[in-house]
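Here's the structure, in structure tokens; my notes come after.
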Amino acid sequence: MSLYSRTNMSMLLSSFRSHFFKQLACTSFSSIRGTATLASGSSSILFGSTKDYPSKKLTDFLNSSSVPAAFSTSSSNSESPTTGSYLSVDIQCRQDVADMLSEALLCFGATSTTMVEPDTCNSNDEVSIGSIFLVSQDVHQSITFAANSIGLKETPVYKVTTGYQSDWIENSRESFHPIEVTEGVWIIPEWITPPDLQATMITLNPGLAFGTGDHPTTKLCLWLLHDLIKGGETVLDYGTGSGILAIAALKFGAAKSVGFDIDPQAITAAHYNAVLNNIGPKKLELRLVPSNPNDTGSSREEWNWAMKSEEDIDGNGIIYEKEKYDVVIGNILLNPLLDLADEIVSYAKPGGVVGLSGIILEQVSTVVDRYSNLLEGVTVSKIDDWACIRGTKRNA
210 MSLYSRTNMS MLLSSFRSHF FKQLACTSFS SIRGTATLAS GSSSILFGST
260 KDYPSKKLTD FLNSSSVPAA FSTSSSNSES PTTGSYLSVD IQCRQDVADM
310 LSEALLCFGA TSTTMVEPDT CNSNDEVSIG SIFLVSQDVH QSITFAANSI
360 GLKETPVYKV TTGYQSDWIE NSRESFHPIE VTEGVWIIPE WITPPDLQAT
410 MITLNPGLAF GTGDHPTTKL CLWLLHDLIK GGETVLDYGT GSGILAIAAL
460 KFGAAKSVGF DIDPQAITAA HYNAVLNNIG PKKLELRLVP SNPNDTGSSR
510 EEWNWAMKSE EDIDGNGIIY EKEKYDVVIG NILLNPLLDL ADEIVSYAKP
560 GGVVGLSGII LEQVSTVVDR YSNLLEGVTV SKIDDWACIR GTKRNA
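210 is the number of the first residue of the sequence shown in our numbering; add one for each residue after it.
Structure, rendered in structure tokens:
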């Protein structure tokens with residue numbers, strides 16, 4: 210397999226996300242009025258809230274990779290993802306929770322979501338969310354976790370059909386176009402000629418509906434970085450995904466970016482995108498962070514190194530000092546923003562700026578309240594129903 214193919218598959222598989230680290234830049238979300246036809250295949254199964262979808266087996270490609278066990282199992286007998294099938298899932302939910310559920314699905318295994326809205330404005334009307342999953346995904350578990358993460362009491366009804374990745378990848382590539390994030394700043398898919406050679410360009414290979422940078426929260430974070438970076442800053446991208454925010458910070462003039470992620474495939478994708486942008490490891494440091502220091506295969510030493518935590522790691526008084534950054538960006542979901550508030554802010558220097566996104570407007574007050582003792586000078590920017598919170602770390 211060529212380098213391009215291997216890396217492209219790595220980026221496709223980097224959609225195995227955790228609710229702890231979610232980079233919305235690694236998504237392609239669209240809202241379409243009317244109807245949509247999902248890819249069909251040899252099977253079509255309807256599931257309700259009490260039925261389980263059996264776990265599929267992982268592809269050979271994943272046998273040597275560490276993937277969150279909650280969503281998959283391993284086997285050497287599965288078909289290759291380059292020529293194999295994918296799962297197309299049609300999920301029915303209330304219109305008033307569709308946006309949040311779409312985002313949550315992207316955290317728990319979906320590689321893309323497409324929402325089909327009804328013509329009426331009644332919030333109780335059901336909408337259809339079309340989602341794409343790799344065949345390795347436990348679809349029922351992913352949907353259940355996504356529903357639970359936004360407070361739904363029952364798992365939505367959904368239907369699974371089968372499609373083929375080669376067709377989806379080709380169709381997806383055709384839909385990606387250069388995106389002007391702000392004046393003079395473009396996100397360019399790798400295979401497209403830049404429209405403005407004098408502009409600041411961030412080149413990405415988004416893979417399977419991956420990392421186009423057109424999601425509102427990604428744009429909000431990019432705008433924030435563009436406003437903050439004056440030259441020489443250090444930046445932490447807390448949940449880096451494709452690396453788009455960490456790479457953008459360097460393009461804007463930051464001295465160094467660091468990206469955390471718990472997914473090894475996301476680190477692979479971010480590394481590939483760094484190479485596309487002629488960025489080396491001295492400028493962009495990517496750290497694979499264990500999702501839990503007590504997980505099998507993740508030693509306390511590995512955890513402490515990855516997180517640079519202030520703990521004695523060997524019993525001999527050797528302490529890793531946690532690094533501090535001028536700017537910390539956390540573009541994740543509501544619950545992890547709340548649960549990890551102290552951790553996220555702890556990486557900022559006193560007086561450093563923290564940006565928080567991945568939330569909708571109605572969640573802003575909850576997040577602001579949670580960070581009220583940690584940040585000052587809080588402001589909120591928005592695009593449509595999406596928000597980004599900015600604050601300065603309080604001096605201890």
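Using N, Cα and C, we set each Cβ at its ideal position, and we do this for glycine too. Just so we're clear, the structure is a prediction, and the values are computed from it rather than from any experiment.
(request) Determine the contact status of L459 and C430, defining contact as a CB-CB distance below 8 Å. (result) no
(message) Checking 8 Å against the spacing of the C-beta atoms, do L547 and R599 come in under that value?
(response) no
(request) Would you mind sorting L570 into buried or exposed? The rule is 16 or more other CB atoms within 10 Å of its CB. (result) exposed
(request) Report the rounded CA-to-CA distance for F354 versus L315, giving the unit in angstroms. (result) 11 Å
(message) Suppose you measure from the CA of N486 to the CA of G567; what does that come to, to the nearest Å?
(response) 25 Å
(request) Could you check the C-alpha separation between E442 and V369 for me, to the nearest Å? (result) 47 Å
(request) Pick helix, strand or coil for K591, following the three-state DSSP scheme. (result) strand
(message) Using the three-state DSSP reduction, which class does T320 fall into: helix, strand or coil?
(response) coil
(request) Could you round the C-beta distance between A478 and S451 to whole angstroms and report it? I think they count as a contact, below 8 Å. (result) 5 Å
(message) What does DSSP give as the partner residue(s) for R599 in the beta ladder?
(response) G564 and T588
(request) Classify Y447 as buried or exposed, calling it buried when 16 or more other Cβ atoms lie within 10 Å of its own Cβ. (result) buried
(request) Starting from the C-beta of V576, find all residues in its chain whose C-beta is less than 8 Å away, skip the five residues before and the five after it, and write them out in chain order. (result) L543, L546, L547, L565, I568 and I598
(message) Let me confirm a value: H386 is counted as buried when at least 16 other C-beta atoms fall within 10 Å, else exposed. Which label applies?
(response) exposed
(request) Check whether the Cβ atoms of V467 and H435 lie closer than 8 Å to each other. (result) no
(request) Pull up the DSSP beta-bridge partners for K465, would you. (result) T443
(message) Could you check whether I541 and V444 sit closer than 8 Å to each other, using their CB atoms as the reference points?
(response) no
(message) Checking the sheet assignment: what are the DSSP bridge partners for V576?
(response) According to DSSP, which records beta bridges pairwise, V576 is partnered with nothing at all.
(message) Please tell me whether S321 and S340 are closer than 8 Å, where the distance is taken between their beta carbons.
(response) yes
(request) Whole angstroms is fine: what's the gap from V325's alpha carbon to L549's? (result) 33 Å
(request) Please work out which residues of its chain come closer than 7 Å, Cβ to Cβ, to A557, disregarding the five sequence neighbours upstream and downstream, and give them in chain order. (result) K533, Y534, V537, V563 and K602
(message) What does DSSP give as the partner residue(s) for W395 in the beta ladder?
(response) E389 and M410
(request) Taking the CB atoms as reference points, tell me whether I359 and V306 lie closer together than 8 Å. (result) yes
(message) In this structure, how does DSSP classify L433 when only helix, strand and coil are distinguished?
(response) helix
(request) Would you check whether the ligand FAD has a heavy atom nearer than 7 Å to the C-beta of D405? (result) With respect to small molecules bound, the structure shown includes none, and the ligand FAD cannot be examined in it.
(request) Using alpha carbons as the reference points, say which of A464, E494 and F461 lies closest to D470. (result) E494
(request) Would you kindly report the start and end of the unbroken alpha helix (DSSP H) that includes I538? (result) No alpha helix (DSSP H) holds I538; the beta strand (DSSP E) holding it covers Y534 to N540.
(message) Rounding to the nearest angstrom, what Cα-Cα distance links T323 and Q346 in this structure?
(response) 18 Å
(request) Provide the residue span of the beta strand (DSSP E) that contains V165, from first to last. (result) For residue 165 there is no data in the structure shown, the boundaries of the chain being 210 and 605.
(request) List the endpoints of the continuous beta strand (DSSP E) containing E494. (result) L493 to L497
(request) Compare the Cα-Cα distances from V606 to each of P425, K428, H424 and N414 and report the closest residue. (result) Here the chain comprises residues numbered 210 to 605, so residue 606 is not present and cannot be evaluated.
(request) Compute the distance between the beta-carbons of I388 and I396, then report whether it is under 8 Å. (result) yes
(message) Rounded to the nearest angstrom, what separates P290 and D472 at their Cα positions?
(response) Confidence in P290 is poor, its pLDDT being 34 and thus under 50, which makes the residue's placement too unreliable to answer from.
(request) With a 10 Å radius around its C-beta and 16 neighbouring C-beta atoms as the bar for buried, classify Y373 as buried or exposed. (result) exposed
(request) Can you tell me which of L361, Q474, G318 and H349 puts its alpha carbon nearest to the alpha carbon of Q304? (result) L361
(request) Identify every residue that forms a DSSP beta bridge with A557. (result) Y534
(request) Grab me the residues of E585's own chain with a C-beta within less than 6 Å of its C-beta, minus the 5 sequence neighbours each way, in chain order. (result) T601 and R603
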